[in-house]
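S.K.: Quick mapping for you: the protein sequence lines, in order, are chains A and B.
Heads up, the first sequence is in my numbering, so the first residue is 1 and it goes up one at a time.
Heads up, the second sequence is in my numbering, so the first residue is 116 and it goes up one at a time.
Every residue, glycine too, gets a C-beta built ideally from N, C-alpha and C.
Nothing here was measured: the structure is a model prediction, and the numbers come from that model.
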Amino acid sequence: EAQVTQNPRYLITVTGKKLTVTCSQNMNHEYMSWYRQDPGLGLRQIYYSMNVEVTDKGDVPEGYKVSRKEKRNFPLILESPSPNQTSLYFCASRQGIGLGYNEQFFGPGTRLTVL
Amino acid sequence: TQLLEQSPQFLSIQEGENLTVYCNSSSVFSSLQWYRQEPGEGPVLLVTVVTGGEVKKLKRLTFQFGDARKDSSLHITAAQPGDTGLYLCAGADTYNNNDMRFGAGTRLTVKP
């Protein structure tokens, strides 16, 4: 089954404790991205990657890091989480860029709470 | 920054009623997508519209892209409880299809 998986689904942590949210897709997609979803603000892109070893900032990259060492995996790293990073996070992938490749497949989400 | 405004923010209706939700912007988009998100899950693509004035139908859902490619609407006929969810629109930048912007969504509740 074609899918995007994320782990963990739920995480409660404390300020400053480094954490990683994993994301994996089995569709051989080139393009992957991370979003955060906050009430009234919709989905905002944090980082994206157009291929292995190619990553770039989205709209809200501060406080986050990513890496793309393999095509299927795109982990999100919070080196020193703060309470304003409490949010619902989604990983997404799509086949490529361009008009015919805009369908994004989203993971199930990771609800993060930073105390 | 291209902003997408969705209205209404919240909508609660009875089963069998019709409804329309809107997605508006001052920017022109090369394409516009509608997603539905259910609680505890990620958004799932419903449709992509590309041509100004385009109308697409998906069973009881009708999607329209504005002539100027700045706005879109989603009309649901005879809503059912299974239509309950958060409806999101997303527009692709005219010059950079990589850049997609999401609206905040319309949360629809259909009561039996």
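Are the C-beta atoms of Q104 (chain A) and some chain B residue less than 8 angstroms apart?
M.R.: yes
S.K.: When you compare each of A:T55, A:S82, A:G40 to V66 (chain A) by their alpha carbons, which one comes out closest?
M.R.: Of A:T55, A:S82, A:G40, the residue nearest in Cα terms is A:T55.
S.K.: Which residues in the same chain have their Cβ closer than 6 angstroms to the Cβ of R137 (chain B), if we skip the five residues on either side of it in sequence?
M.R.: A small correction: the amino acid at residue 137 (chain B) is Tyr; Arg does not occupy that position in the sequence shown. Excluding sequence neighbours, Y137 (chain B) sits near S122, S188.
S.K.: Are the Cβ atoms of R68 (chain A) and E53 (chain A) separated by less than 8 angstroms?
M.R.: yes
S.K.: Note down the Cα distance separating R72 (chain A) from G131 (chain B), rounded to an integer number of angstroms.
M.R.: 43 angstroms
S.K.: Please list, in chain order, all residues of the same chain as R111 (chain A) whose beta carbon is under 6 angstroms from its beta carbon, the five residues on each side excluded.
M.R.: Y10, L88
S.K.: Can you tell which of A:M32, A:P83, A:S82 has its C-alpha closest to the C-alpha of G58 (chain A)?
M.R.: When C-alpha distances from G58 (chain A) are compared across A:M32, A:P83, A:S82, the shortest belongs to A:M32.
S.K.: What are the partner residues of R94 (chain A), as DSSP defines its beta bridges?
M.R.: A:Y31
S.K.: For chain B, find out if any of its Cβ atoms is closer than 8 angstroms to the Cβ of P116 (chain A); answer yes or no.
M.R.: Because chain A spans 1 through 115 in this model, residue 116 (chain A) falls outside it and cannot be assessed.
S.K.: Does any CB atom of chain B fall closer than 8 angstroms to the CB of L11 (chain A)?
M.R.: no
S.K.: Closest to E103 (chain A) by CA distance: which of B:S142, B:P158, B:T192 is it?
M.R.: B:P158
S.K.: I need the straight-line Cα distance from G181 (chain B) to S140 (chain B), nearest angstrom please.
M.R.: 11 angstroms
S.K.: Please confirm whether T163 (chain B) has its beta-carbon closer than 8 angstroms to some beta-carbon of chain A.
M.R.: yes
S.K.: Using CA coordinates, which residue listed in A:V60, A:I97, A:S24 is at the minimum distance from N7 (chain A)?
M.R.: Considering only alpha carbons, the answer is A:S24.
S.K.: Roughly how many angstroms lie between the CA atoms of G168 (chain B) and P81 (chain A), to the nearest whole one?
M.R.: 45 angstroms
S.K.: For L112 (chain A), return the contacting residues in chain B, with the cut-off set at a CB-CB distance below 7 angstroms.
M.R.: Result: empty, since nearest Cβ-Cβ is about 15 angstroms, beyond 7 angstroms.
S.K.: From this set, A:T22, A:N84, A:V114, A:G16, which residue's C-alpha is nearest G107 (chain A)'s C-alpha?
M.R.: Among A:T22, A:N84, A:V114, A:G16, the Cα nearest to that of G107 (chain A) is on A:T22.
S.K.: Any C-beta of chain A sitting closer than 8 angstroms to the C-beta of F217 (chain B)?
M.R.: yes
S.K.: Grab the span of the beta strand (DSSP E) containing V159 (chain B) for me, first residue to last.
M.R.: For V159 (chain B), the uninterrupted beta strand (DSSP E) segment begins and ends at 159-164.
S.K.: Can you give me the Cβ contacts of I128 (chain B) inside the same chain, cut-off strictly under 8 angstroms, excluding the 5 residues immediately before and after it?
M.R.: L134, A194, L223, T224, V225, K226
S.K.: From K185 (chain B) to F217 (chain B), what does the alpha carbon distance come to, in whole angstroms?
M.R.: 13 angstroms
S.K.: If Q85 (chain A) sits next to G63 (chain A), beta carbons under 8 angstroms apart, how far is it from one beta carbon to the other, in whole angstroms?
M.R.: 6 angstroms
S.K.: Which partner residues of A205 (chain B) appear in the DSSP bridge assignment?
M.R.: According to DSSP, which records beta bridges pairwise, A205 (chain B) is partnered with B:Q148, B:F217.
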